[in-house]
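Colleague:
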Amino acid sequence: MKKSKLILGVTGAVLLVFLIYQLYAVFYNPVTTEIVTAADAVDGIKITGIIIRNEEIIKSDTSAAMHFEINDNERVAAGGVIANLYGSSTQSVAAAELKNIEKEINNIEQIHKYNDLNAVDIGTLNAKIYDEFNIIASITATGKFSSLQSNKEEMLALMNRRKLATGQEVDFSAQLSALKTKRDALLSRVGQPIGVLKTEKSGYFVSATDGYENILTPDKLDSITPEFLDDMKPENAGDDKTVGKLVSDYTMYIAASVSINDSLSFKVGDKLVINTSLKSNPELDVEVHDINVSHASDRAVIIFSCQEMSGELSSMRTDTMTVVKKKYSGLKVGSKALRVSTQTVTNADGTQSEKTVTGVYIVNGVTAEFVPVNIIYTYDNYALCEIISEDGNLRLYDEVIVKGKNIYEGKIID
2 MKKSKLILGV TGAVLLVFLI YQLYAVFYNP VTTEIVTAAD AVDGIKITGI IIRNEEIIKS
62 DTSAAMHFEI NDNERVAAGG VIANLYGSST QSVAAAELKN IEKEINNIEQ IHKYNDLNAV
122 DIGTLNAKIY DEFNIIASIT ATGKFSSLQS NKEEMLALMN RRKLATGQEV DFSAQLSALK
182 TKRDALLSRV GQPIGVLKTE KSGYFVSATD GYENILTPDK LDSITPEFLD DMKPENAGDD
242 KTVGKLVSDY TMYIAASVSI NDSLSFKVGD KLVINTSLKS NPELDVEVHD INVSHASDRA
302 VIIFSCQEMS GELSSMRTDT MTVVKKKYSG LKVGSKALRV STQTVTNADG TQSEKTVTGV
362 YIVNGVTAEF VPVNIIYTYD NYALCEIISE DGNLRLYDEV IVKGKNIYEG KIID
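As numbered in our numbering, residues 2 to 415 make up the sequence shown, in order.
1) To the nearest angstrom, report how far apart residue 302 and residue 378 are at their CA atoms.
2) With distances taken from CA atoms, which of 203, 259 and 209 is nearest residue 242?
3) Would you identify the three-state DSSP class for residue 343, choosing helix, strand or coil?
4) Between residue 159 and residue 126, how many whole angstroms is the CB-CB distance? I'm expecting something under 8 Å.
5) So, helix, strand or coil for residue 478, using DSSP?
6) In chain order, what residues of the same chain have a beta carbon less than 6 Å from the beta carbon of residue 370, not counting five sequence neighbours either side?
7) Would DSSP call residue 361 helix, strand or coil?
8) When the distance is taken between beta carbons, is residue 81 closer than 8 Å to residue 199?
9) List the residues that DSSP assigns as beta-bridge partners of residue 32.
10) Cα separation between residue 306 and residue 289?
11) Ignoring anything shorter than 4 residues or poking outside the region 246-277, list the alpha helix (DSSP H) runs there in chain order.
12) Quick check on residue 173: does DSSP put it in helix, strand or coil?
13) Around the C-beta of residue 299, are 16 or more other C-beta atoms found within 10 angstroms, so that it is buried, or is it exposed?
14) Quick one: Cα of residue 395 to Cα of residue 327, how far?
15) Does DSSP put residue 86 in a helix, in a strand, or in coil?
16) Below 8 Å on the Cβ atoms is my contact criterion, and I expect residue 325 with residue 275 to pass it. Report the Cβ-Cβ distance as a whole number of Å.
17) So, at 7 Å on beta carbons, what are the nonlocal neighbours of residue 98 in its own chain, with the 5 sequence-adjacent residues on each side left out?
18) Grouping DSSP H, G and I as helix and E and B as strand, with all else coil, what is residue 322?
19) Please return the same chain residues whose Cβ sits closer than 7 Å to the Cβ of residue 226, not counting the five positions on each side in sequence.
20) What do you get for residue 348, buried or exposed, if any count of 16 or more other CB atoms within 10 angstroms of its CB means buried?
21) CB residue 322 to CB residue 50, shorter than 8 Å?
22) Rounded to the nearest angstrom, what separates residue 217 and residue 237 at their Cα positions?
23) Which residue or residues does DSSP assign as beta-bridge partners of residue 242?
24) Check whether the Cβ atoms of residue 46 and residue 316 sit closer than 8 Å, and answer yes or no.
25) Nearest-angstrom Cα distance between residue 153 and residue 194?
26) Using a threshold of 8 Å, state whether the C-beta atoms of residue 251 and residue 76 are closer than that.
Spelled out as structure tokens, the structure:
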């Protein structure tokens, strides 16, 4: 008797759990949606690009204290001064401080020049402040602080100009007087330099050397094979006489070792685009300069020529890049939103037939509506769909259903 009651109790509990689950499935049917956005994607070949350029090591035989007059990765004119030479490190330190003080004085004086409120576009100022903020955030994230000081000064100048433009009181007279007093004191401490370090050529000055300056040179392009890249080792990157290097030519080359199959996608003279990770040069226009096949004929080095140069490019040796074969633009939807529907269509002769159509369900008012899509590219967990302007197709900012049970045309969406 007790055993029968136990069996009945267990059976009842199972039935109760099953009933609760069914009720949950019927009445709790959450729908997850996402907004359709525009996006770009590229079909290309991932490479590790190695930069080859004309680089001249700059040395100095003097033991004098050196104060650089230009920033790292900054362009210098032919005959331009790279550094002033001083008799003591105290003078060099004072010269660096003097340079910063003079920048602050100049910034304040420039702010006061913008006193015509009618000539100031607040929207433009706000946009510049926003751009500068993003640059500072990017510098902080990457840890490349060489230009942070100048970006900070530009940000402060823009914010103070905005204050003036909106009628706020900004009085720098006391600060300006104190800075000028400090400048005069520093001038007496710095004194006159005992010499200068100049460059004969124009180009970008880079303070760091990596030992490949005399190995990866444009006159060796024919010999840069996969084996060459595998075996190359840096020379002694510098000694106590090395000041830095000068990148003196706008033409540079990018070498990339690829499989022999990937190399078949290229021919000498092809004009292509390479995507980089650089903020200053996210896209590079290049031309296939040479294709050097390995001795075993299983790999090849593609050498691209490029006529672009910037401060970032002048100091970069390698980067993960993408050689773009084709670029796609479309509407981005999650792969989970894609569904296949069987639809009845009327043929040209008036007969009807059924066909399967790929599409998505969108929320139209309070109901679900199926719209067809033409997928042009897939990547990760998303797909790019062709933009079709006619009614009845997917549109930008549509609300697409990516999760939900028993979705059908006309279903009411809570």
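Ideal Cβ positions, reconstructed from N, Cα and C, are used throughout, including at glycine.
Modeller: Let me spell this out:
1) 29 Å
2) 209
3) Three-state result, residue 343: strand.
4) Indeed they touch by this definition, with Cβ atoms about 6 Å apart.
5) The question about residue 478 has no answer, for the chain in this structure spans 2 to 415.
6) 363
7) Residue state, collapsed to three classes: strand.
8) Going by C-beta atoms, residue 199 is nearer than 8 Å to residue 81.
9) According to DSSP, residue 32 bridges with nothing at all.
10) 6 Å
11) 261-264
12) Three-state result, residue 173: coil.
13) exposed
14) Each residue's alpha carbon lies about 23 Å from the other.
15) strand
16) 7 Å
17) If we look at residue 98 and ignore the five residues flanking it on each side, its Cβ neighbours are 187.
18) Annotated three-state conformation of residue 322 is strand, per DSSP.
19) Closer than 7 Å at Cβ, skipping near neighbours: 293, 295 and 302.
20) exposed
21) Contact check for residue 322 against residue 50 passes: the beta carbons are separated by less than 8 Å.
22) Computed Cα separation, rounded: 14 Å.
23) Looking at the DSSP assignment, residue 242 forms no beta bridge with any residue, so it has no partner.
24) no
25) 29 Å
26) no
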